[in-house]
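**Student:** Using our numbering, count along the sequence shown one by one with no gaps and you end on 340. Glycine residues also receive a C-beta, built at the ideal position from the N, C-alpha and C atoms.
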Amino acid sequence: MTTCSSFHTLDSEGSVIAELAADHKVETSNFLELIKLFAEYDLENDQNGKAKEEIEAVLPDASRVCQTPKTASSCCGNETNDLLVPGEVPLMVERLLRTGVCRSMEDFEFVPDKVSKEVAHLFADEKKEDEAEQDENVSHVKTGIWEVVTFEDDGTAKAPFYVVTGVSMTDRVDTKKLRKAIFKGQCSGRRPKLHLAPTSVGETLAGYKSGTMAPICHSKNMKLYLEETILIGDREHRILCGSGMFGKCLSIAEDKFMEVARSNSEGVELVSLIQKKKGIT
Numbered sequence: 060m061t062t063c064s065s066f067h068t069l070d071s072e073g074s075v076i077a078e079l080a081a082d083h084k085v086e087t088s089n090f091l092e093l094i095k096l097f098a099e100y101d102l103e104n105d106q107n108g109k110a111k112e113e114i115e116a117v118l119p120d121a122s123r124v125c126q127t128p129k130t131a132s133s134c135c136g137n138e139t140n141d142l143l144v145p146g147e148v149p150l151m152v153e154r155l156l157r158t159g160v161c162r163s164m165e166d167f168e169f170v171p172d173k174v175s176k177e178v179a180h181l182f183a184d185e186k187k188e189d190e191a192e193q194d195e196n197v198s199h200v201k202t203g204i205w206e207v208v209t210f211e212d213d214g215t216a217k218a219p220f221y222v223v224t225g226v227s228m229t230d231r232v233d234t235k236k237l238r239k240a241i242f243k244g245q246c247s248g249r250r251p252k253l254h255l256a257p258t259s260v261g262e263t264l265a266g267y268k269s270g271t272m273a274p275i276c277h278s279k280n281m282k283l284y285l286e287e288t289i290l291i292g293d294r295e296h297r298i299l300c301g302s303g304m305f306g307k308c309l310s311i312a313e314d315k316f317m318e319v320a321r322s323n324s325e326g327v328e329l330v331s332l333i334q335k336k337k338g339i340t
């Protein structure tokens, strides 16, 4: 968490970053904009590393958030991440900070994605002694964006609306359960149509490419239906989900995840969503 005394460093006379902020009309208390300035700053012109020293005194995680053409330091710990544009803050970072729930990079991190179908084969032979213990404290959540169409009394289709689901990577959504959750307490003549949204539509609504979808922080607010068994009420439990970047997962504490989800104006609902597995009653 950034402190007032830390910000004094940037407000002091001769501060390189303070001058840069003034030039761009950015307040030195604006965390997100300062990160952007740091990302854009040409460190090769940074005399004696003063600007870097100043910004890192205030934002110790700034070098993990940003990737610059000169340093190629990224928030993902990977110097060759094609999705990180030099000088830009990853979209997920920007959106998380804008919720007001996550106040610093201490509230979340990015880790290698070893379970999504696009990259899982790359880690097929990799084993860790603590894998079983890790899995107890981590839930890998996959995202679905669904198109819902209801009908007028005369059978005319209404404009579709969209909802989001979050279930474990190993589970599948039961559409009957999802339909029941969406229309709980409502009566309709013709059964609404429900199917996964076309890829292009889902990408536009979420703001992420297919294969990197997160159940939170979308371009357009959509209600989230989250499988109730994912949450276990443990402060150490972490949610892993899409990050908007291929090969990287967002890792965030369960309670923070839910705070971010609830900041969505359309809301979040914990429901039973998954299909029963064969042999399980």
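Please report the straight-line C-alpha distance between T288 and A81, rounded to a whole angstrom.
**Tutor:** Position 229 of the sequence shown, counted from the first residue, corresponds to residue 288. Position 22 of the sequence shown, counted from the first residue, corresponds to residue 81. Cα to Cα, the separation comes out at about 49 Å.
**Student:** Would you grab the beta carbon distance between T253 and T234 for me? Rounded to a whole angstrom, and I think it's under 8 Å.
**Tutor:** Residue 253 sits at position 194 when you count from the first residue of the sequence shown. Residue 234 sits at position 175 when you count from the first residue of the sequence shown. Looking at the sequence provided, one finds Leu at residue 253 rather than Thr. Right, the Cβ-Cβ distance comes to about 6 Å (below 8 Å), so this counts as a contact.
**Student:** Which class does V160 belong to by DSSP, given the choice of helix, strand or coil?
**Tutor:** Position 101 of the sequence shown holds residue 160. Coil, per DSSP.
**Student:** With distances taken Cα to Cα, identify the nearest neighbour of T258 among S269, P251, I298.
**Tutor:** For the purposes of this step, residue 258 is identified with residue 199 of the sequence shown, where counting begins at 1. Nearest C-alpha to T258: S269.
**Student:** Beta carbon of L150, beta carbon of I204: below 9 Å?
**Tutor:** Position 91 of the sequence shown, counting from 1, holds the residue named residue 150. Position 145 of the sequence shown, counting from 1, holds the residue named residue 204. In this structure, I204 does not lie closer than 9 Å to L150 by Cβ.
**Student:** What does DSSP give as the partner residues of A240 in its beta bridges?
**Tutor:** The residue given as residue 240 occupies position 181 in the sequence shown. Partner(s): none; A240 has no beta bridge.
**Student:** I need the boundaries of the alpha helix (DSSP H) containing S262, first residue and last residue.
**Tutor:** Within the sequence shown, the letter at position 203 stands for residue 262. In the sequence as presented, Ser is not what sits at residue 262; that position holds Glu. DSSP places E262 inside the alpha helix (DSSP H), whose first and last residues are 258 to 265.
**Student:** Quick check: the Cα distance between G244 and K236, rounded to an integer number of angstroms?
**Tutor:** By one-based count along the sequence shown, residue 244 stands at place 185. By one-based count along the sequence shown, residue 236 stands at place 177. Their Cα atoms are separated by approximately 14 Å.
**Student:** At 3 residues or longer, what runs of the beta strand (DSSP E) sit wholly inside the segment 265 to 314?
**Tutor:** 282 to 286, 297 to 301, 307 to 312
**Student:** Work out the CA separation of Q334 and T340 for me, nearest whole Å.
**Tutor:** If you number the sequence shown from 1, residue 340 lands on position 281. If you number the sequence shown from 1, residue 334 lands on position 275. Because the pLDDT at T340 is just 47, under 50, the model does not fix this residue reliably, and the value given afterwards should be weighed accordingly. The alpha-carbon atoms of T340 and Q334 are separated by roughly 11 Å.
**Student:** If you drop the 5 nearest sequence neighbours on each side, which residues of the same chain put their C-beta closer than 8 Å to that of C207?
**Tutor:** Here residue 207 is taken as the residue at index 148 of the sequence shown, counted from 1. Going by the sequence as given, residue 207 is Val instead of Cys. Once the five neighbours on either side are set aside, the close Cβ partners of V207 are P219, F220, Y221, V222, I241, P251, K252, L253.
**Student:** Please name the residue, chosen from K84, E325, T202, R162, that lies closest to I298 on a Cα-to-Cα basis.
**Tutor:** Working through the sequence shown from its first residue, we reach residue 298 at position 239. Proximity to I298 across K84, E325, T202, R162 peaks at T202, based on C-alpha coordinates.
**Student:** According to DSSP, simplified to helix, strand and coil, what is T215?
**Tutor:** Residue mapping note: residue 215 aligns to position 156 of the sequence shown, counting from 1. In the three-state reduction of the DSSP assignment, T215 falls in the coil class, being assigned neither a helical nor a strand state.
**Student:** If we count the other Cβ atoms within 10 Å of its Cβ and call it buried at 16 or more, is D212 buried or exposed?
**Tutor:** Here residue 212 corresponds to residue number 153 of the sequence shown, with the count starting at 1. Label assigned to D212: exposed.
**Student:** For G303, does the count of other Cβ atoms within 10 angstroms reach 16, so buried, or fall short, so exposed?
**Tutor:** Looking up residue 303 in the sequence shown gives position 244. By the 10 Å Cβ count, G303 comes out buried.
**Student:** For K336, list the residues DSSP reports as bridge partners.
**Tutor:** For this step, residue 336 is matched to residue 277 along the sequence shown. Answer is none; K336 lacks a bridge partner.
**Student:** Quick check on P145: does DSSP put it in helix, strand or coil?
**Tutor:** On the sequence shown, position 86 is the one that residue 145 refers to. Note that P145 has pLDDT 41, beneath the 50 cutoff, so the model's placement of it is unreliable and the number below is only indicative. Looking at P145 - three-state DSSP - the assignment turns out to be coil, as it is neither helix nor strand.
**Student:** Using 8 Å for Cβ pairs, my map puts P197 next to E286. What's the rounded Cβ distance?
**Tutor:** In the sequence shown, residue 197 corresponds to position 138, counting from 1. In the sequence shown, residue 286 corresponds to position 227, counting from 1. It is worth fixing the name first, because residue 197 is Val in this sequence and not Pro. Between V197 and E286, the beta carbon gap of about 15 Å keeps them out of contact (Cβ cut-off 8 Å).
**Student:** Report the rounded CA-to-CA distance for P274 versus A216, giving the unit in angstroms.
**Tutor:** Working through the sequence shown from its first residue, we reach residue 274 at position 215. Working through the sequence shown from its first residue, we reach residue 216 at position 157. Answer to the nearest angstrom: the Cα atoms are 27 Å apart.
**Student:** Taking just the CA atoms, how far does F169 sit from E343?
**Tutor:** What the structure shows of the chain is the stretch from 60 to 340, and residue 343 is not part of that stretch, so it cannot be assessed.
**Student:** Distance check for E262 and L290, CA to CA, integer angstroms please.
**Tutor:** As a first step, residue 290 is located in the sequence shown; it is residue number 231 there, counting from the start. As a first step, residue 262 is located in the sequence shown; it is residue number 203 there, counting from the start. Taking the straight line from one Cα to the other gives about 26 Å.
**Student:** For a quick check, are the C-beta atoms of F30 and D172 less than 9 Å apart?
**Tutor:** Any question about residue 30 goes unanswered here, given that the chain covers just 60 to 340.
**Student:** Beta strand (DSSP E) containing G203: first to last residue?
**Tutor:** Here residue 203 corresponds to residue number 144 of the sequence shown, with the count starting at 1. Taken as a continuous stretch (DSSP letters only), the beta strand (DSSP E) holding G203 covers 197 to 208.
**Student:** By a C-beta neighbour count over all protein chains shown, 10 Å radius and 16 as the cutoff for buried, is R154 buried or exposed?
**Tutor:** Residue mapping note: residue 154 aligns to position 95 of the sequence shown, counting from 1. Looking at its Cβ environment, which holds 16 or more other Cβ atoms inside 10 Å, R154 is buried.
**Student:** Please determine, among R238, G248, H199, A320, the residue with the shortest C-alpha to C-alpha distance to F210.
**Tutor:** The count along the sequence shown starts at 1 and reaches residue 210 at position 151. Minimum Cα distance to F210 is reached at G248.
**Student:** At the level of alpha carbons, what is the spacing between T271 and C300?
**Tutor:** Residue numbering aside, residue 271 sits at position 212 when the sequence shown is read from its first letter. Residue numbering aside, residue 300 sits at position 241 when the sequence shown is read from its first letter. The alpha-carbon atoms of T271 and C300 are separated by roughly 8 Å.
**Student:** Going by alpha carbons, who is nearest to R370 out of L332, K239, N323?
**Tutor:** Not covered by the structure: residue 370. The range shown for the chain is 60 to 340.
**Student:** When you compare the CB positions of L264 and K279, do they come within less than 9 Å of one another, or not?
**Tutor:** The sequence position of residue 264 within the sequence shown is 205, counting from 1. The sequence position of residue 279 within the sequence shown is 220, counting from 1. Yes; because the gap between Cβ atoms is below 9 Å, this pair is in contact.
**Student:** By DSSP's criteria, E328 is part of a beta bridge. Which residues make up the other side?
**Tutor:** The residue given as residue 328 occupies position 269 in the sequence shown. DSSP, once it has assigned bridges, lists Y284 as partnering E328.
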